[in-house]
Amino acid sequence: MSEASSVQLSILIPVYNELENLELLHQKLTASLEAINQTYEVILTDDGSTDGSTELIREICKKDARFALVRLNRNFGQTAAMAAGIDHARGKILVTMDADLQNDPADIVRLLERFNEGYDLVSGWRRKRKDAWINRTLPSKLANVMISRITGVWLHDYGCTLKAYRADLLKQINLYGEMHRFLPALLSHLGARITEIEVTHHPRHAGKTKYGIGRTGKVLLDLLTVKFLGTFATKPIYLFGWCAIFCFVAGALSLTAMLYLKYLGFSMILTPLPMMTAMLEILGVQFLGMGLLAELVIRTYHESQHKKIYVLREFIGPGSSCPQLEPQAEQDD
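Numbering (the numbering used here) for the sequence shown: 19 to 351.
Following this line, the structure appears as structure tokens:
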């Protein structure tokens, strides 16, 4: 058995200026993971730290071969740090968590127990958060309701980093921007079975938080992107086509009203109807053209990269070369 295939579990932790937390994090992780009957690795992705975190991670890796350092050239953000960790992970199960010790390493065991019931993603739920109510907890609660309603994937806590993923599914997601918070919604597009469990949340042990209410605008814009990718990524003509139909119908109604006023003897040029009719019909043509161009772009993307529009879970038959995966449990309501 190769070294890569012998690793069953990968713990992925983005690190940015967490010098005061790293030693205790190493101790708690080691104590929790040694109780798990699985081979594991811990990948610490240094996202451009400037406080000496890099040097301390190097020392930890020298003392413990199960720990690895992935160092980014500068601070790229949490999504990029998670993507780098995912790219270097060798385990069949990937667990993500924060380095600030607000996530409890002891909860990893509970995540894995639920994961082994047949789920593709087990998400942590910080039901009793230890953060400031006004600028952290309240905006998070509102965002969770909005994200769940728009994406259709109902979770209490999208922002909790502590999650367990099926590696082969997660590695099919190309992360960019700040999409890490929407991973459950993105994976649901691939048919992932998703559930959540309540996890412990501690007050920050040391250091300063990297998050604040200023991220709200980014969340809203990223949410629009996720909704578009999930609903119209393979059929953009449906979105632009319906917009075009709306404009054509509205333009036709405006034209009808204009002709009716003309029949009654009113001057059409004294109303906004001629300009409104022309504008709506032009917009309809533009939406239709954008939809057709988007269809060409989508087809070029899939065909040039040999992208499939489906995700195969299992194939049984003669000459099968596809991995046969265990049947998964249904997603929680």
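Don't be surprised by glycine CBs; every beta carbon is placed ideally from N, CA and C.
Alpha carbon of residue i to alpha carbon of residue j, nearest angstrom
i: Gly170; j: Leu201; result: 13 Å
i: Cys178; j: Ser322; result: 36 Å
i: Leu208; j: Ala102; result: 21 Å
i: Asn203; j: Leu173; result: Correcting the residue identity first, residue 203 is Ala in this sequence and not Asn. Looking at the two C-alpha atoms, the distance is approximately 10 Å.
i: Asp125; j: Lys189; result: 23 Å
i: Leu27; j: Leu129; result: 12 Å
i: Ile152; j: Ile212; result: 29 Å
i: Asn93; j: Asn35; result: 10 Å
i: Thr57; j: Glu131; result: 15 Å
i: Arg206; j: Tyr137; result: A small fix is needed here, since residue 206 is Ser in this sequence, not Arg. So the alpha carbons of these two residues sit roughly 12 Å apart.
i: Asp383; j: Ile215; result: No answer is possible for residue 383: it lies beyond the span of the chain, which begins at 19 and ends at 351.
i: Arg108; j: Leu306; result: 45 Å
i: Met293; j: Leu282; result: 20 Å
Nearest-angstrom beta carbon gap, residue j and residue i [assumed within contact, 8 Å]
i: Thr114; j: Glu196; result: With 8 Å as the limit, Thr114 and Glu196 do not qualify as a contact, their Cβ atoms being about 15 Å apart.
i: Leu139; j: Leu30; result: Wrong, their Cβ atoms sit about 14 Å apart, outside the cutoff.
i: Met100; j: His198; result: 5 Å
i: Asp64; j: Ser71; result: 6 Å
i: Glu52; j: Ala86; result: With a Cβ gap of about 17 Å, Glu52 and Ala86 do not count as contacting.
i: Val88; j: Ile61; result: 6 Å
i: Gly248; j: Gly309; result: So it is not a contact: roughly 18 Å between Cβ atoms.
i: Ala117; j: Leu43; result: 6 Å
i: Ile168; j: Lys245; result: 5 Å
Neighbourhood of residue i by C-beta distance below 6 Å, restricted to the same chain and skipping five residues each side
i: Ala312; result: Pro254
i: Cys261; result: Phe305
Within 8 Å, strictly: CB atoms of residue i and residue j
i: Leu187; j: Val217; result: no
i: Ile75; j: Val25; result: no
i: Phe250; j: Tyr256; result: yes
i: Ile316; j: Thr252; result: yes
i: Leu90; j: Gly66; result: yes
i: Lys110; j: Ala210; result: no
i: Ser50; j: Val127; result: yes
Residues near residue i in its chain [Cβ-Cβ closer than 8 Å; skip 5 each side]
i: Thr295; result: Gly269, Ser272, Leu273 and Met276
i: Glu299; result: Cys265, Phe266 and Gly269
i: Thr243; result: Gly195 and Met197
i: Ala161; result: Tyr176, Gly177, Thr234 and Val237
i: Met286; result: Met276, Leu279, Lys280 and Pro292
Close beta carbons around residue i, own chain, < 7 Å, minus the five adjacent residues each side
i: Leu37; result: Asp69, Gly70, Ser71 and Leu74
i: Cys79; result: Phe85, Ala86 and Leu87
i: Ser158; result: Gly177
i: Arg147; result: Thr155 and His219
**Item:** Ranges of the beta strand (DSSP E) found wholly within the stretch 62-95, counting only runs of at least 3
**Value:** 85-89
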